[in-house]
């Protein structure tokens, strides 16, 4: 089955989508990825796992991780709305596209995974990046 995002009925954005919208708006603004800003969407002990590796833990970890990306990658954008998203219990599944420009080179990543919510915040993100070029660019940025 093919999902046509142009004709899919509009629904209210879930917590993960609201975070992605904020993330996109914040990306061009240096200093916007503070622990306080992440606390709007994430629990104090949130964990972010990408490709099976814990990339960030807690609000300070999320802030450090995304400030490193913001400071070294030309552009990152989560394309909204996601290709597919649905919720079940405390899980939000996502399949979305991510646009990355690093050192003038554009790449497209397809990300699949889920978020675990606790109350009205995200406690865990576990994503798989299905584009090696974008994953390498983001990984280099996070580790520089």
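In our numbering, the protein residues as written are -19 to 124.
Every residue, glycine too, gets a C-beta built ideally from N, C-alpha and C.
Exercise. Is the CB-CB distance between residue 2 and residue 46 below 9 Å?
Worked result: Locating residue 2 in the chain shown gives position 22, counting from the first residue. Locating residue 46 in the chain shown gives position 66, counting from the first residue. In this structure, residue 46 does not lie closer than 9 Å to residue 2 by Cβ.
For this session: Answer yes or no: do residue 80 and residue 7 have a C-beta to C-beta separation smaller than 9 Å?
Result: Along the chain shown, read from residue 1 onward, the residue named residue 80 stands at position 100. Along the chain shown, read from residue 1 onward, the residue named residue 7 stands at position 27. No, these two residues do not count as a Cβ contact at 9 Å.
Exercise. What are the partner residues of residue 79, as DSSP defines its beta bridges?
Worked result: Residue 79 sits at position 99 when you count from the first residue of the chain shown. Bridge partners of residue 79: 57 and 88.
Exercise. Assuming residue 103 and residue 72 make a contact with CB atoms under 8 Å, what is their CB distance in whole Å?
Worked result: Residue 103 sits at position 123 when you count from the first residue of the chain shown. Residue 72 sits at position 92 when you count from the first residue of the chain shown. Rounded, the Cβ-Cβ distance is 11 Å, inconsistent with contact.
Exercise. Contact check, residue 27 vs residue 37 under 8 Å by CB: the rounded distance?
Worked result: Position 47 of the chain shown, counting from 1, holds the residue named residue 27. Position 57 of the chain shown, counting from 1, holds the residue named residue 37. With 8 Å as the limit, residue 27 and residue 37 qualify as a contact, their Cβ atoms being about 5 Å apart.
Exercise. Is it right to say residue 35 is buried, meaning 16 or more other beta carbons lie within 10 angstroms of its own, or is it exposed?
Worked result: Reading the chain shown from its first residue, position 55 is the one you call residue 35. Classification for residue 35: buried.
For this session: Just mark residue 5 as buried or exposed, buried being the case when its beta carbon has 16 or more other beta carbons within 10 Å.
Result: Residue mapping note: residue 5 aligns to position 25 of the chain shown, counting from 1. Residue 5 comes out exposed.
Exercise. Secondary structure at residue -2, three-state DSSP: helix, strand or coil?
Worked result: Residue numbering aside, residue -2 sits at position 18 when the chain shown is read from its first letter. Here residue -2 sits in helix by DSSP.
Exercise. According to the neighbour-count rule (16 or more other Cβ atoms, all chains shown, within 10 Å of its Cβ), is residue 33 buried or exposed?
Worked result: To locate residue 33, count along the chain shown from 1; it is residue 53. Residue 33 is exposed by the Cβ-count criterion.
For this session: With DSSP as the reference, label residue 31 as helix, strand or coil.
Result: Residue mapping note: residue 31 aligns to position 51 of the chain shown, counting from 1. Note: residue 31 maps to coil in three-state DSSP.
Exercise. Excluding the five sequence neighbours on either side, which residues of its own chain have a C-beta within less than 7 Å of the C-beta of residue 19, listed in chain order?
Worked result: Translated into positions along the chain shown, residue 19 becomes position 39. The residues are 39.
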